[in-house]
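Enquirer: First the structure, which I've put down as structure tokens, then a few questions once you've had a look.
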Amino acid sequence: MSRLLTNLHRLHTEKGSGRLFEELNDLFKDSFDYVCTKIGNSCDNEVYLCYFATLSLNSRLHFAFDEDESSLAIRLKEYEGTPISEGDTKKCELALCSGSAVLFLRGSATGLILDLQEVQQRSLDSPFTETVLQGPLYAFNENLEVNAALIRQRIRTSQLKAWETTVGRSTNTRIFVIYCADVVDESCLAQVKKLLTEMDVEGIQDTGELLRLLDKKRYMRLFPKAILTERPDRVTSDLLRGKLTILVDGSPFALVLPAVYTDFWHSPEDSYVNPYVSVFQNTLRFLAMTVNLVLPAFYVALTSINVDVNRLEISLAAAASREGVPYPVFIETMLMLIMIDFITEAGTRLPKAISSTVTMVGGVVLGQAIIQANIVSNLLVIIVAATAIANFIVIDYQMGLVQRVLKYFTVVGAAVAGVLGIVFCLACLVFYLSSLESFGTPYLTSLLPRKGGRK
Amino acid sequence: MTLLHRTQRLTAIGAAVLCLLAAGGCWDSKDVDNRLLVGAIGIESTKDGRLNAWFRMPITSSAIGNEKDTFFSLIQHGETVMDAINKLQYKLPKALDVSSTRTVMLSKDIANSGLLPYLEFAVRDRSVPLDAVIAIVDGNMRSIFVRSNPIGELTGIYTKLYFEPYAGGIPRKNKAMLWEVYSKLLNPLQANLIPVLREDKRSLFTQIGNAYFVEDKIAGMLTMDETLIYEMITQRLVHSEIVLMSRSDLKIVHKKTRIKTKLVDGKPMIKVSIWVSVALTDKSHQEKNVTEDTIKAELNEQLQKLTKSMLQKTQSSGSDIVGFGNWYRGRLRPETYTSWPELYRKADIDVQYHVRLRNTGLEFLK
Amino acid sequence: MNKTIPLTGYEMFSLQVLYVGASAGFLYPSLLINSTTGPLWAPIVVWALLAFSSCFLYGRMLLKLRGKELVPIIISSLGKPAAIMLLLPILLFVIAAITVMLRSFTELVTMTLLPTTPLLFLNGMIFASSALAAAGLMPIIRAAKVIFLLGAGTIISLLIIGTSGSHWELGGPWFQMSADFFTDGDFYGGSFVWMGFTYIAMIAPFTIKQAKLYQKGNMIALVLSVLMVGCFIYIPVMTFGREMSSQLTFPFVSKMDSIYQYWIVLENLTAIFMSATMLCLLLVIALKLKALMSIMTGIWPKVSINWGLAVVTVIIYIAAELIPEWRDLEKWVFNSYFLRFYAMFVFPGITLAGLHFKQRKAGGA
Chain A
1 MSRLLTNLHR
11 LHTEKGSGRL
21 FEELNDLFKD
31 SFDYVCTKIG
41 NSCDNEVYLC
51 YFATLSLNSR
61 LHFAFDEDES
71 SLAIRLKEYE
81 GTPISEGDTK
91 KCELALCSGS
101 AVLFLRGSAT
111 GLILDLQEVQ
121 QRSLDSPFTE
131 TVLQGPLYAF
141 NENLEVNAAL
151 IRQRIRTSQL
161 KAWETTVGRS
171 TNTRIFVIYC
181 ADVVDESCLA
191 QVKKLLTEMD
201 VEGIQDTGEL
211 LRLLDKKRYM
221 RLFPKAILTE
231 RPDRVTSDLL
241 RGKLTILVDG
251 SPFALVLPAV
261 YTDFWHSPED
271 SYVNPYVSVF
281 QNTLRFLAMT
291 VNLVLPAFYV
301 ALTSINVDVN
311 RLEISLAAAA
321 SREGVPYPVF
331 IETMLMLIMI
341 DFITEAGTRL
351 PKAISSTVTM
361 VGGVVLGQAI
371 IQANIVSNLL
381 VIIVAATAIA
391 NFIVIDYQMG
401 LVQRVLKYFT
411 VVGAAVAGVL
421 GIVFCLACLV
431 FYLSSLESFG
441 TPYLTSLLPR
451 KGGRK
Chain B
1001 MTLLHRTQRL
1011 TAIGAAVLCL
1021 LAAGGCWDSK
1031 DVDNRLLVGA
1041 IGIESTKDGR
1051 LNAWFRMPIT
1061 SSAIGNEKDT
1071 FFSLIQHGET
1081 VMDAINKLQY
1091 KLPKALDVSS
1101 TRTVMLSKDI
1111 ANSGLLPYLE
1121 FAVRDRSVPL
1131 DAVIAIVDGN
1141 MRSIFVRSNP
1151 IGELTGIYTK
1161 LYFEPYAGGI
1171 PRKNKAMLWE
1181 VYSKLLNPLQ
1191 ANLIPVLRED
1201 KRSLFTQIGN
1211 AYFVEDKIAG
1221 MLTMDETLIY
1231 EMITQRLVHS
1241 EIVLMSRSDL
1251 KIVHKKTRIK
1261 TKLVDGKPMI
1271 KVSIWVSVAL
1281 TDKSHQEKNV
1291 TEDTIKAELN
1301 EQLQKLTKSM
1311 LQKTQSSGSD
1321 IVGFGNWYRG
1331 RLRPETYTSW
1341 PELYRKADID
1351 VQYHVRLRNT
1361 GLEFLK
Chain C
2001 MNKTIPLTGY
2011 EMFSLQVLYV
2021 GASAGFLYPS
2031 LLINSTTGPL
2041 WAPIVVWALL
2051 AFSSCFLYGR
2061 MLLKLRGKEL
2071 VPIIISSLGK
2081 PAAIMLLLPI
2091 LLFVIAAITV
2101 MLRSFTELVT
2111 MTLLPTTPLL
2121 FLNGMIFASS
2131 ALAAAGLMPI
2141 IRAAKVIFLL
2151 GAGTIISLLI
2161 IGTSGSHWEL
2171 GGPWFQMSAD
2181 FFTDGDFYGG
2191 SFVWMGFTYI
2201 AMIAPFTIKQ
2211 AKLYQKGNMI
2221 ALVLSVLMVG
2231 CFIYIPVMTF
2241 GREMSSQLTF
2251 PFVSKMDSIY
2261 QYWIVLENLT
2271 AIFMSATMLC
2281 LLLVIALKLK
2291 ALMSIMTGIW
2301 PKVSINWGLA
2311 VVTVIIYIAA
2321 ELIPEWRDLE
2331 KWVFNSYFLR
2341 FYAMFVFPGI
2351 TLAGLHFKQR
2361 KAGGA
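Written out as structure tokens, the structure reads:
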């Protein structure tokens, strides 16, 4: 007698109360892909197998309809070696939904869960949002196990721990929290575990959504508190620095936290190239950030309020290019900034083939036409274009989005109080950033290396 | 849900306030194309005790290259400069903005009667930038403001470029900035030296010398060559400068100045040592026996002659343009600073030149 | 959230430097230049010595705290009525100091950059500081470190640029000593520049180690402060001469106006200087508000920090609005010097003595 059959007979059978068969049939009654079939008899008891045809591994599910007890034994042999566990109705429901098959005797209260799930996934690909020039070229995909394996393959130590939980009343999404036990910030880990266990939502689709749910304070959500990355090398290097990583089933992005402001300005490549070059690149990024934040605002300030700050020649050039423009500088700038954001937005959402046309039409044709129609000045077009380019230098996509929003804020400041207004906006920004915390770590932790957990 | 509504309402109110601020709150906002930026201001006094103010404003036009005028000049009669600026607004569709003025020109009449009343508006109200160039115009101001600049580029700005070391400014032109003039007017220990311009037939104007002042009134004029000595003593000579002599022309490439001062029995004793390095640029071919020593000797003689005439002029009128008086700040009591011009008249000033002929150019001196 | 980690010496250093950056640049130079006819460095040195001794006194006082905050210790060891008597002048002084600082800066802004913008709007900048103060001590410290790099860095580089075009001989007299400043109101009026460390003492708990760091950080910062103050005063004097500088309301601002360098892209540096000063000022006001709140919550523990802060901010905002003329402001600065003296010497002296006897008694018993 096979081990499986022995286990099957050990199942709790009670007259009257053993209604797993009926209960399951009742739960899944309107699902066309739900299959519940009798696969044989054993000791006067009918043996049933239930599964979802769409979820389970079809190759393991072939069996003949035969009434012979010995053939049942042979059939069950096919499943030998499959991980099995025993579960009641609730557990069986969950297991069926995640692709397992349930084997039980008619009249038993519990069933044996056979792990036959077949996961739909794409193969490992190179990263989409974080393009690599030199460095590991693969990225996470949507499979939780694969993602965890990618991390395990890069850190081969017993100190790499993984903690599992599920979130979502309906989706029951599996979530891994991965960390290096020897360096992790314990309080941060405890906080994240607590937040995840207490999380009460209907469902969760992506790590980005999880990040929003983890961030409790309503007014503190402007800046991303964790890095979303699809690169295993970035995750592992951060794990070694004492951060922790959250993987969500079905999302190719890992969440790395805690993350402080400067983390969003570093690319993993920085540590793969010559240090002088990486310092240069960091400076470039910092400059780009400044340009992106204040350049349009400076245009507004210098052409409408603090005209005496710039050289007379520049003022004259600005005045010349604005000749015939009917709107105030502030409106003109807002108009143009929104326009360039339209173009950017159109470019990102469209398929590659069309998006280049859109950028072309938007950037060149519209830009030229808008100057000739005297709606904006050509100086402004230069400034807006420079701002848009500077925005693309921002490494982290989420941070880039925030920057795109913030530049309007400084433009308003500039329109009201000129250069002082811009600086006031920047001061407010610094104040805001300094009161933020990412899971216990101050967001403005200094530029010195003491970031994250490792002390 | 109520909480959500409340925050939504708060956000809406916040956005509305922001819009209001942006719409009605741009108090100081005046777009650059709605301003007429003034490039140069000219002030001349009139017989009725008031003044005429000239304004030269570059015209901004995206269509440069057309045969359009590139500037616009106006004259306005008024009680004060501010009054003139105000009255000028009656004639203009755009806001007159003097905050970028490059040059303030004053007529010689004003320099004769006293500068101070005409400059105070600029310092007190921070209307004209403190780094604007000041110049005195001898003769008619009209043509400087009304004629177009033959060199043609950005009219109205050139007057500053004329003095700037990075452009056409050479030491002899003696750039004087508004703050400099004003601080020397208030400083009893130092007198002003302000360039004097005169209209020119071909170019717009030419410089005929530098006027030295006693308090805020003009006292006399130094020639351009004498100004060179002033520049050397005050260490303002940064770039090379040509000195013409009978036998050869020299280029001063480097100089160092040391000033030592003493007060002996109430008489200032001032010793100035100047080290000049020169390079030969041109040798006269009439003279046969030109040696390095003769060049040095002649240069020394020439410089001494200029120094003597410069000091004679300024000392006789008590106008301490170099500001030797500042060295006596610690030796005189602050109350007696005002008597410095008298002391300066009596001062014993000895200027020594140490000439080094650094090289003779790319050709040997035989 | 905001767990208080102990302040480092560097943080106290940057706070003190920021304080000087925020207060010494605009109002102070004309006060000091007008206070004497003798060498200008004499009053600076006198004040620097006073500041050093006051800082030393504060350091001694903080040594007695042993890991607690200043205000609760005073209350617990001297008894509530005495403590209130001792602290009320400080409270008044801080409120007055914030008001004057805010108002004088906004006045400067309307005089130079934004002539038609109403003060009602400009004074509103205090709400940004207030929000930072409400966020707690650690955000203030973190912001201070960033602002120190931005604001104080800019000011120091402006000071360096400002040295161009200045002449030593205009700075005299250098050695002709004169003690006339002791009888001059301007001399006492300028004392506000030297008080940054008093606020730092009130905001955080101090252990013995920290009190030592406090002394070290602030002493080094004071040395830098003396240098900065010297530059703020001597740079305009050595450019414009004593006579013109004493006629200017803001000599250093005018100096910034007069700088013209071909390689500096901007035409006037006043806007840059004002911006950097504003950065420092916003932070310093937040620091002062925080000090104010720690006194208030020390005396009345039931006061909610956020509401208290809101009320105080509005009071200061209205008070700043009610000062009608510049002359009134100057009078304020002059007439409140006894409060500053109290804060610099009397208050720490009494507290030190009180704590000393109390602790000796406790030690004996």
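Chains as they are written, first to last, in my numbering: chain A, 1 to 455; chain B, 1001 to 1366; chain C, 2001 to 2365.
Think of the CB as a built atom: it goes at the ideal place given N, C-alpha and C, for glycine as much as any other residue.
1. Between phenylalanine 140 of chain A and proline 232 of chain A, which are expected to be in contact by the criterion C-beta below 8 angstroms, what is the C-beta distance as a whole number of angstroms?
2. What residue from B:Ser1203, B:Leu1074, B:Gly1168 and B:Leu1228 has the CA that sits closest to lysine 1305 of chain B's CA?
3. For a contact defined as C-beta to C-beta under 8 angstroms, what are the partners of isoleucine 305 of chain A on chain B?
4. Using CA atoms only, rank isn't needed, just tell me which of A:Leu335, A:Cys50, A:Phe223 and A:Val364 is closest to threonine 110 of chain A.
5. Hey, is valine 430 of chain A's beta-carbon within less than 8 angstroms of any beta-carbon in chain C?
6. Starting from glycine 418 of chain A, find everything on chain C with Cβ-Cβ shorter than 8 angstroms and list it in chain order.
7. Rounded to the nearest angstrom, what separates alanine 2343 of chain C and glycine 2354 of chain C at their Cα positions?
8. Counting C-beta neighbours from all protein chains within 10 Å, is the total for proline 351 of chain A 16 or more, i.e. buried, or is it exposed?
9. Which complete alpha helix (DSSP H) runs does the segment 231-287 of chain A hold, if anything under 4 residues is left out?
10. Quick one: grab the DSSP three-state call for phenylalanine 1071 of chain B.
11. Decide if tryptophan 1340 of chain B is buried, meaning its Cβ has at least 16 other Cβ atoms within 10 Å, or exposed.
12. How would you label lysine 2068 of chain C, buried or exposed, when you count the other beta carbons within 10 angstroms and need 16 or more for buried?
13. Alpha carbon to alpha carbon, how far is leucine 2132 of chain C from asparagine 2306 of chain C? Give it in angstroms, no decimals.
14. Look at the alpha carbon of glycine 2025 of chain C and the alpha carbon of glutamate 1164 of chain B, and state the distance between them as a whole number of angstroms.
15. If lysine 1175 of chain B and valine 1133 of chain B are in contact, beta carbons under 8 angstroms, what's the gap, nearest whole angstrom?
16. Which residues of chain A have a Cβ atom closer than 8 angstroms to the Cβ of glycine 1039 of chain B, listed in chain order?
17. Considering only the beta carbon of each residue, do tryptophan 2194 of chain C and tryptophan 2047 of chain C sit closer than 8 angstroms?
18. Are the beta-carbon atoms belonging to glutamate 2325 of chain C and asparagine 2123 of chain C less than 8 angstroms from one another?
19. Please decide whether asparagine 2268 of chain C counts as near chain B, where near means a Cβ-Cβ distance under 8 angstroms.
20. Pull up the DSSP beta-bridge partners for asparagine 1034 of chain B, would you.
21. Pick from A:Thr333, A:Asn378, A:Ser42 and A:Ile331: whose alpha carbon is nearest that of phenylalanine 104 of chain A?
22. Check whether the Cβ of tyrosine 1344 of chain B sits closer than 7 angstroms to any heavy atom of the ligand NAD, and report yes or no.
23. Considering only the beta carbon of each residue, do isoleucine 1242 of chain B and proline 1195 of chain B sit closer than 8 angstroms?
24. Any beta carbon of chain A sitting closer than 8 angstroms to that of alanine 2143 of chain C?
25. Are threonine 1234 of chain B and valine 1146 of chain B close, meaning C-beta to C-beta below 8 angstroms?
26. Kindly confirm or deny that the segment 2291-2300 of chain C and the segment 2082-2092 of chain C touch, where touching means at least three C-beta pairs closer than 8 angstroms.
27. Which residues in the same chain have their Cβ closer than 7 angstroms to the Cβ of glutamate 437 of chain A, if we skip the five residues on either side of it in sequence?
28. Looking at the structure shown, is aspartate 341 of chain A part of a helix, part of a strand, or coil, going by DSSP?
29. Answer yes or no: does any C-beta atom of chain A fall closer than 8 angstroms to that of leucine 1010 of chain B?
30. Along chain B, in chain order, which residues have C-beta atoms closer than 7 angstroms to that of glutamine 2176 of chain C?
31. Using Cβ-Cβ distances below 8 angstroms, what residues of the segment 1103-1136 of chain B are close to chain A?
32. When DSSP builds the beta bridges, which residues end up paired with glutamine 117 of chain A?
33. Going by the CB atoms, is the gap between isoleucine 305 of chain A and serine 1029 of chain B shorter than 8 angstroms?
34. For glutamate 1226 of chain B, tell me which candidate among B:Val1278, B:Ile1157, B:Asp1131 and B:Ala1211 has the shortest Cα-Cα distance.
35. For asparagine 2268 of chain C, which residues from the same chain have a beta carbon less than 6 angstroms from its beta carbon, with the 5 sequence-adjacent residues on both sides left out?
36. Kindly list the residues whose CB is nearer than 8 angstroms to the CB of phenylalanine 2232 of chain C, restricted to its own chain and excluding five residues on each side of it in sequence; keep chain order.
Expert: Looking at the coordinates:
1. Here residue 140 of chain A refers to the residue found at position 140 when the first sequence is read from its first residue. Here residue 232 of chain A refers to the residue found at position 232 when the first sequence is read from its first residue. Rounded to the nearest angstrom, the Cβ distance from phenylalanine 140 of chain A to proline 232 of chain A is 7 angstroms, consistent with a contact under 8 angstroms.
2. Position 305 of the second sequence, counting from 1, holds the residue named residue 1305 of chain B. The candidate whose alpha carbon is nearest that of lysine 1305 of chain B is B:Leu1228.
3. Taking the first residue of the first sequence as 1, we reach residue 305 of chain A at position 305. Within 8 angstroms Cβ-Cβ: Cys1026, Asp1028, Ser1029 and Lys1030.
4. Taking the first residue of the first sequence as position 1, residue 110 of chain A is located at position 110. Selected option, being the one with the closest Cα: A:Cys50.
5. The count along the first sequence starts at 1 and reaches residue 430 of chain A at position 430. Chain C contact via Cβ: present.
6. Within the first sequence, the letter at position 418 stands for residue 418 of chain A. Listed along chain C are Leu2113, Leu2114 and Ala2271, each with a C-beta nearer than 8 angstroms to that of glycine 418 of chain A.
7. Within the third sequence, the letter at position 343 stands for residue 2343 of chain C. Within the third sequence, the letter at position 354 stands for residue 2354 of chain C. Roughly 16 angstroms between the two C-alpha positions.
8. The residue labelled residue 351 of chain A in the question sits at position 351 within the first sequence. Answer is exposed; the Cβ neighbour count stays below 16.
9. The segment 231-287 of chain A contains these whole alpha helix (DSSP H) runs: 232-240.
10. One-based indexing of the second sequence puts residue 1071 of chain B at position 71. In this structure, phenylalanine 1071 of chain B counts as strand in the three-state DSSP scheme.
11. Along the second sequence, one-based indexing puts residue 1340 of chain B at 340. The residue is buried, with at least 16 neighbouring Cβ atoms inside 10 Å.
12. The sequence position of residue 2068 of chain C within the third sequence is 68, counting from 1. By the neighbour-count rule (16 or more Cβ atoms within 10 Å), lysine 2068 of chain C is not buried but exposed.
13. Translated into the one-based positions of the third sequence, residue 2306 of chain C becomes position 306. Translated into the one-based positions of the third sequence, residue 2132 of chain C becomes position 132. Cα-Cα distance, rounded: 11 angstroms.
14. For this step, residue 2025 of chain C is matched to residue 25 along the third sequence. For this step, residue 1164 of chain B is matched to residue 164 along the second sequence. Answer to the nearest angstrom: the Cα atoms are 30 angstroms apart.
15. Counting from one through the second sequence, the residue named residue 1175 of chain B turns up at place 175. Counting from one through the second sequence, the residue named residue 1133 of chain B turns up at place 133. With 8 angstroms as the limit, lysine 1175 of chain B and valine 1133 of chain B qualify as a contact, their Cβ atoms being about 6 angstroms apart.
16. On the second sequence, residue 1039 of chain B is found 39 positions in, with the first residue counted as 1. Per Cβ cutoff of 8 angstroms: Leu312.
17. The count along the third sequence starts at 1 and reaches residue 2194 of chain C at position 194. The count along the third sequence starts at 1 and reaches residue 2047 of chain C at position 47. Tryptophan 2047 of chain C is positioned such that its CB atom lies closer than 8 angstroms to that of tryptophan 2194 of chain C.
18. For the purposes of this step, residue 2325 of chain C is identified with residue 325 of the third sequence, where counting begins at 1. For the purposes of this step, residue 2123 of chain C is identified with residue 123 of the third sequence, where counting begins at 1. No, these two residues do not count as a Cβ contact at 8 angstroms.
19. Here residue 2268 of chain C refers to the residue found at position 268 when the third sequence is read from its first residue. Residue-level contact check: asparagine 2268 of chain C touches chain B, since one or more beta carbons of chain B fall below 8 angstroms from its beta carbon.
20. Position 34 of the second sequence holds residue 1034 of chain B. DSSP output for asparagine 1034 of chain B lists no bridge partner at all.
21. Within the first sequence, numbered from 1, the residue matching residue 104 of chain A stands at position 104. Nearest C-alpha to phenylalanine 104 of chain A: A:Ser42.
22. Summarising the ligand content, the structure contains no ligands, and the ligand NAD is consequently not present.
23. Stepping through the second sequence from its first residue, residue 1242 of chain B is reached at position 242. Stepping through the second sequence from its first residue, residue 1195 of chain B is reached at position 195. No, the Cβ-Cβ distance between isoleucine 1242 of chain B and proline 1195 of chain B is not below 8 angstroms.
24. Working through the third sequence from its first residue, we reach residue 2143 of chain C at position 143. Yes, its Cβ sits closer than 8 angstroms to a Cβ of chain A.
25. Here the question's residue 1234 of chain B lines up with position 234 in the second sequence. Here the question's residue 1146 of chain B lines up with position 146 in the second sequence. No, the Cβ-Cβ distance between threonine 1234 of chain B and valine 1146 of chain B is not below 8 angstroms.
26. Touching, yes.
27. The residue you call residue 437 of chain A lines up with position 437 of the first sequence. If we look at glutamate 437 of chain A and ignore the five residues flanking it on each side, its Cβ neighbours are Tyr443.
28. On the first sequence, residue 341 of chain A is found 341 positions in, with the first residue counted as 1. Three-state result, aspartate 341 of chain A: helix.
29. Taking the first residue of the second sequence as position 1, residue 1010 of chain B is located at position 10. No, leucine 1010 of chain B does not count as interfacial toward chain A.
30. The residue given as residue 2176 of chain C occupies position 176 in the third sequence. Per Cβ cutoff of 7 angstroms: Gly1330.
31. Sequence-ordered contacts of the segment 1103-1136 of chain B with chain A read Pro1129 [C-beta pairs closer than 8 angstroms].
32. In the first sequence, residue 117 of chain A corresponds to position 117, counting from 1. In the DSSP output, where bridge partners are listed per residue, glutamine 117 of chain A has A:Ser56.
33. Start at 1 with the first residue of the second sequence, and residue 1029 of chain B comes out as number 29. Start at 1 with the first residue of the first sequence, and residue 305 of chain A comes out as number 305. Yes. Within cutoff.
34. The residue labelled residue 1226 of chain B in the question sits at position 226 within the second sequence. The shortest C-alpha to C-alpha distance from glutamate 1226 of chain B to any of B:Val1278, B:Ile1157, B:Asp1131 and B:Ala1211 is the one to B:Ala1211.
35. Residue numbering aside, residue 2268 of chain C sits at position 268 when the third sequence is read from its first letter. For asparagine 2268 of chain C, where only same-chain residues beyond five positions count, the Cβ hits under 6 angstroms are Asp2257.
36. By 1-based counting over the third sequence, the position of residue 2232 of chain C is 232. For phenylalanine 2232 of chain C, same chain residues with a beta-carbon under 8 angstroms away, outside a window of 5 residues either side, are Ala2024, Gly2025, Tyr2028, Pro2029, Leu2159 and Phe2252 in chain order.
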